Amino acid sequence: MIIGIGSDIVDIRRIDKTISKFGNKFIKRCFTDTEITKSESVNKRINSYAKRFAAKEAFSKALGTGFSNGIYWKDIGVINDKYGKPKIKLTGKSLKKFKKLIPKNKKHSINLTLSDENHIAHALVIISSH
5 MIIGIGSDIV DIRRIDKTIS KFGNKFIKRC FTDTEITKSE SVNKRINSYA KRFAAKEAFS
65 KALGTGFSNG IYWKDIGVIN DKYGKPKIKL TGKSLKKFKK LIPKNKKHSI NLTLSDENHI
125 AHALVIISSH
């Protein structure tokens, strides 16, 4: 059963301008230490930040809250499994809200896909229970 779907598109140039203007202040406000380490270790670091930013937006839409009621950017983290597949890692109020959405005694899945092309980053999140 699908619980929620969220999608987001980000102009990578906008993230680049924001990082250029605010630097670490923006990065530390929006991204977890794990996300920062990962993004800083790849060739296209701005693309990495933009995809992770889009993933957070997409997840907040799938959750049905957006960034309100105590849901913070750093409560929604994007990690990678050992094969590089992106996954959502929740903490804080985003985790509490997520647990309330899942019917009792049901398993859940958070599916995430990330893409970037030219100056666009895209994320799609599907929350489901089974």
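With our numbering applied, the sequence shown covers 5 to 134. Heads up, the beta-carbon is just placed ideally off N, CA and C, and yes, glycines get one too. All values reported here derive from a predicted model rather than from experimental measurement.
In the three-state reduction of the DSSP assignment, Asp79 falls in the helix class.
Residue pairing for Ile13: DSSP places it in a beta bridge opposite His126. Taking the CA atoms as reference points, Gly68 sits about 7 angstroms from Gly8.
For Asp37, the secondary structure class from DSSP, reduced to helix, strand or coil, is helix. Per the coordinates, the alpha-carbon of Gly96 lies some 22 angstroms from the alpha-carbon of Leu128. Inside the stretch 50-121, DSSP marks whole alpha helix (DSSP H) runs of 4 or more residues at positions 96-105, from first to last along the chain. Taking a cut-off of 8 angstroms on C-beta distances, the stretch 71-81 does not touch the stretch 6-20, as fewer than three cross pairs fall below it. Taking the CA atoms as reference points, Asn84 sits about 19 angstroms from Ser11. In the three-state scheme derived from DSSP, where H, G and I count as helix and E and B as strand, Ser132 is classed as strand.
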